[in-house]
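Going line by line, the protein sequences match chains A and B.
Quick note: numbering that gives the first Met the number 0 has the first sequence finishing at residue 246, numbered continuously throughout.
Quick note: numbering that gives the first Met the number 0 has the second sequence finishing at residue 563, numbered continuously throughout.
Scroll down for the structure; my scribbles are underneath it.
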Amino acid sequence: MDSHSIAAQTAEPAHLEHEHPAFLRHHFENVAQQREAATFGMWLFLLTEIMFFGGLFCAYLIFRNWYYPAFVAGSHTLHIWAGTLNTTLLIISSFTMAMAVHAAEVRHRGPLLRWMVLTIVLGCGFLCVKAYEWHDEWVNHHVPGLNFSIQEFTHTNPAYPGDKPLAPDMAEKTQIYYSLYFVMTGMHALHMIIGVSLLAILLIRARGGAFTNGHIAPVENFGLYWHFVDIVWIFLFPLLYLISRHQ
Amino acid sequence: MADQSIPIGGSLDVTPRDHERVPLLDRLHEWVVTVDHKRLGILYVLYALFFMAVAGAEALSMRIQLAVPNNHFLQPELYDQFFTMHGTTMVFLVGMPILFGIANYIVPLQIGARDMAFPRLNAFSFWLTAFGGILLYWSYIGGFGLYGMGNAPDVGWWAYAPLSTKPFSIGPTIDYWALALIVSGFGTLGTAINIIATTLSMRCKGMTLLRMPLFVWLMLVVSALTLITITPLTAAQVMLLLDRNLGAHFFDAQAGGSALLWIHFFWIFGHPEVYVLVLPVFGVASEIIPVFSRKAIFGYPAMVAASVGIAFVSLGVWAHHMFTVGMTSVSNTFFVLSTMLVGIPTGIKIFNWLATIWGGKVRFQTPMLFCVAFIFQFLIAGLTGIMLAVAPWDWQLHNSYFVIAHFHYVLVGAIVFNIFAAVYYWFPKVTGKMLSETLGKWHFWLFLIGFHLTFDTMHFVGIMGMPRSIYTYEANRGWGHLNFIISVGAFIQGIAVLIFFWNVIVSLRKGKEAGNDPWDAWTLEWATPSPPPAYNFASDPVVHSRRPLWDIKHPDDPDWKYES
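This is the structure:
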């Protein structure tokens with residue numbers, strides 16, 4: 000067979016005789032190719048996620064330009080401490096996740112499990128604070144469509160005595176702010192819930208040693224997802240909580 | 000035939016297929032749980048053909064309704080549902096699934112891979128798409144509306160707010176529409192991710208990016224476009240669902256929201272979507288035309304550059320659907336110019352296809368016939384596109400049948416014609432049987448005649464002032480005869496499609512055996528047996544040029560001597 004014909008070489012003997020790691024799927028050439036494809040696929044998925052949140056950010060941008068006073072008034076009703084706490088929790092959880100990936104890379108099962116548990120705990124902590132905040136919005140009649148009242152915005156906010164009360168027309172527009180607040184934090188929380196659930200599944204598999212034998216792609220790619228969700232929050236926090244706080 | 004001499008590492012499974020006897024239930028079970036890219040590709044195509052029949056029946060019902068003035072064949076509400084469901088079905092449940100299905104089957108074979116990169120994701124994507132379609136049609140049963148208002152979505156496939164918001168569309172029909180498209184959209188995203196990862200990390204040895212078959216290149220570009228454009232629509236649909244069900248006010252203009260925002264969101268997705276549908280068939284044409292002209296494709300690098308260029312420009316033209324909503328003259332000018340810019344890379348493509356045919360030994364078999372018709376029809380569709388891109392012209396003809404004629408010239412004249420070409424071309428590879436040439440020619444000529452009767456005539460009624468989406472019209476408008484011709488053409492197309500289905504059934508049973516390489520083609524899929532075995536290639540192929548099989552068949556004059 001001359002060198003310019005297709006398939007001049009015989010099938011890889013190692014592949015046929017199963018002398019490869021158990022986690023290498025048969026349609027891949029080798030472990031490096033499998034890992035490259037998986038990581039690449041994850042990045043592509045994150046691209047679609049960016050476009051999804053991009054759509055929401057775009058709506059935010061337009062409405063904030065139109066109804067800036069309503070956005071300021073709405074933003075001033077949020078608890079800045081809760082947002083700050085959640086930002087801190089998420090940044091720490093990104094660190095613990097990065098450590099989990101590192102533990103998988105150096106094949107230390109004990110630390111891998113501990114870092115994963117810590118990440119789950121921090122993620123759940125975030126969700127608890129978020130649930131508290133949403134409950135607070137409900138109590139204060141800030142949920143559009145269900146129990147919204149503009150009363151608070153047509154009068155002076157005691158926490159921000161510098162803010163002038165809004166005209167009823169503009170006060171109505173705070174509903175747009177809250178709609179955006181709920182859809183953006185809601186979609187983010189949905190991603191967090193999915194993330195925590197996935198991490199729990201990975202944790203169970205990690206206990207059996209599935210990721211400390213060189214097969215780190217699932218942990219690594221989940222890490223990418225987790226950091227992405229974290230970054231979304233890094234944008235949400237100033238956009239929703241920190242509008243004109245210097246007044 | 001050269002196929003016996005091709006030294007490709009072929010079948011892993013050497014038992015002859017015909018002697019396998021598997022009980023029906025087991026075979027069905029195998030198809031449901033399959034993660035094989037070839038089976039999933041076939042499932043996609045069958046699913047899309049089913050919905051093509053459904054949406055085609057909807058179109059024919061509308062044409063009966065419009066055939067004569069003052070007709071009452073359909074209820075007005077049913078008519079609205081039919082044009083909504085026809086559009087939504089054809090775009091989301093026919094166009095994308097059939098093209099991604101063909102890609103699923105062909106791309107791994109053409110790049111010498113054993114499967115797609117993520118087989119399980121592949122199966123997951125197919126079933127998501129399938130259940131999205133079922134969910135959409137479930138609205139006919141589950142989507143109760145106002146009394147006497149019927150129950151399927153009835154607001155057009157673009158679902159413009161405020162018509163699609165709660166006060167104007169009571170009942171859950173729009174929710175069905177939004178949820179079904181979110182679900183099938185996730186399926187499409189999965190497939191797009193899969194195709195890109197497969198193309199970029201699973202190519203066989205020697206298959207550099209600039210040696211990839213153009214079909215693979217186009218699918219790569221389309222998948223990237225899909226990833227960018229689908230999720231903004233998802234975001235808008237989530238907001239629409241919240242508006243409708245939880246009292247948010249994103250698109251409710253009275254409460255400070257913006258209906259215009261929905262239109263922007265929709266077309267930011269909707270315009271690139273047209274390119275998602277048309278670029279794969281450019282790939283099909285770029286595979287078929289060279290093989291049937293017996294020449295290598297003319298200007299391969301220019302074709303690749305033009306594909307990427309079209310995709311890039313298509314992201315910045317969406318508001319040419321919106322010249323009549325009252326944008327500033329600066330916006331209008333921008334979108335006029337950006338839209339006209341698309342004409343440059345598309346012109347390059349048409350030129351290159353013609354130059355490929357020029358001086359070739361052309362074989363007018365059925366796939367080539369469809370491709371030749373495609374070139375001319377797509378040219379006309381492009382020219383009316385340039386006309387509509389001129390804002391003042393668009394102000395005159397917006398929402399008229401001229402627009403309907405223009406985009407059906409693209410969607411049917413270009414896309415459907417080339418989907419048929421692709422089916423005739425690859426059917427032998429997928430099933431091992433040739434489709435009948437005689438029935439194929441009947442199919443082609445009837446479809447061509449029906450197509451031109453219908454869609455050429457639509458341009459005229461459009462210029463005469465007939466608006467789109469109308470239920471009926473008065474006799475004194477002077478549109479009656481032309482509409483009757485349009486409807487006759489639609490039925491001729493319907494008959495042609497029935498002949499096509501008949502051809503598929505007959506040829507599956509007693510078609511001529513295809514052999515590995517019935518068209519004497521040059522890409523890797525023709526080196527495998529027909530149908531290819533599980534995992535496609537026993538050993539990984541090595542290629543040295545864009546036409547690996549040419550190199551093998553002509554060792555004295557291989558392509559790699561000329562390609563730099």
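Ideal placement from N, C-alpha and C gives every residue a C-beta, glycine not left out.
Cross-chain neighbours of residue i in chain A, by beta carbon under 8 Å
i: residue 269 of chain B; result: Correct list: empty, because the minimum Cβ distance to chain A is about 14 Å.
i: residue 38 of chain B; result: By Cβ distance, chain A contributes nothing, its closest Cβ being about 14 Å from residue 38 of chain B, past 8 Å.
i: residue 320 of chain B; result: None at all; the shortest Cβ gap to chain A is about 17 Å.
Where residue i sits in the DSSP three-state scheme
i: residue 21 of chain B; result: coil
i: residue 129 of chain A; result: helix
i: residue 152 of chain B; result: coil
i: residue 148 of chain A; result: coil
i: residue 486 of chain B; result: helix
i: residue 436 of chain B; result: helix
i: residue 399 of chain B; result: strand
i: residue 279 of chain B; result: helix
i: residue 547 of chain B; result: helix
i: residue 147 of chain B; result: Confidence at residue 147 of chain B is low in this model, with a pLDDT of 47, below 50, so its placement is unreliable and no value can be given for it.
i: residue 103 of chain B; result: helix
i: residue 37 of chain B; result: helix
i: residue 386 of chain B; result: helix
i: residue 326 of chain B; result: coil
i: residue 552 of chain B; result: helix
i: residue 376 of chain B; result: helix
i: residue 215 of chain A; result: coil
i: residue 113 of chain A; result: helix
i: residue 64 of chain A; result: helix
i: residue 356 of chain B; result: helix
i: residue 24 of chain A; result: coil
Cβ of residue i within 8 Å of any chain A Cβ
i: residue 245 of chain B; result: yes
i: residue 113 of chain B; result: yes
i: residue 106 of chain B; result: no
i: residue 195 of chain B; result: yes
i: residue 147 of chain B; result: A caution first: residue 147 of chain B carries a pLDDT of 47, below 50, which makes its placement in the model too unreliable to give a value.
i: residue 237 of chain B; result: yes
i: residue 539 of chain B; result: yes
Residue(s) in a DSSP beta bridge with residue i
i: residue 204 of chain B; result: B:541
i: residue 512 of chain B; result: B:432
i: residue 466 of chain B; result: B:399
Rounded Cβ spacing between residue i and residue j (contact assumed at less than 8 Å)
i: residue 175 of chain B; j: residue 224 of chain B; result: About 27 Å separates the two Cβ atoms, so there is no contact after all.
i: residue 226 of chain A; j: residue 96 of chain A; result: 7 Å
i: residue 531 of chain B; j: residue 540 of chain B; result: The Cβ separation is near 12 Å, so there is no contact.
i: residue 250 of chain B; j: residue 155 of chain B; result: The pair is not a contact, with the Cβ atoms about 15 Å apart (cut-off 8 Å).
C-beta neighbour in chain B for residue i, strict 8 Å
i: residue 154 of chain A; result: no
i: residue 230 of chain A; result: no
i: residue 26 of chain A; result: yes
i: residue 58 of chain A; result: yes
i: residue 68 of chain A; result: no
i: residue 132 of chain A; result: no
i: residue 55 of chain A; result: yes
i: residue 197 of chain A; result: no
i: residue 32 of chain A; result: yes
i: residue 145 of chain A; result: yes
i: residue 219 of chain A; result: no
i: residue 7 of chain A; result: Residue confidence for residue 7 of chain A is low, a pLDDT of 36 falling below 50, so the modelled location carries little weight; the figure read from the coordinates is stated next. Judged by the 8 Å Cβ criterion, residue 7 of chain A is in contact with chain B.
i: residue 36 of chain A; result: yes
i: residue 50 of chain A; result: yes
Neighbour list for residue i in chain B, Cβ cutoff strictly below 8 Å
i: residue 76 of chain A; result: Within 8 Å Cβ-Cβ: nothing; residue 76 of chain A doesn't reach chain B, min ~17 Å.
i: residue 61 of chain A; result: 257 and 260
i: residue 43 of chain A; result: 191, 192, 195, 196 and 226
Residue i: contacting residues in chain B (beta-carbon distance under 9 Å)
i: residue 47 of chain A; result: 188, 191, 192, 225, 226, 227, 229, 230 and 233
i: residue 166 of chain A; result: Residues of chain B passing the Cβ test: none, with the nearest at roughly 13 Å.
Under 9 Å by beta carbon: chain A residues contacting residue i
i: residue 249 of chain B; result: 58, 62, 175, 178, 179 and 182
i: residue 199 of chain B; result: 35, 36 and 39
Where residue i meets chain B, residues with beta-carbon distance less than 7 Å
i: residue 171 of chain A; result: 254 and 255
i: residue 222 of chain A; result: Per Cβ cutoff of 7 Å: no residues; residue 222 of chain A is ~18 Å from chain B at best.
Contact list for residue i against chain A, beta-carbon separation under 7 Å
i: residue 116 of chain B; result: 36 and 40
inquiry  = Please identify, using Cβ separations under 7 Å, the residues of the region 501 to 535 of chain B that lie next to chain D, in order along the chain.
reply    = The chain inventory of the structure shown lacks chain D, comprising the protein chains A and B.
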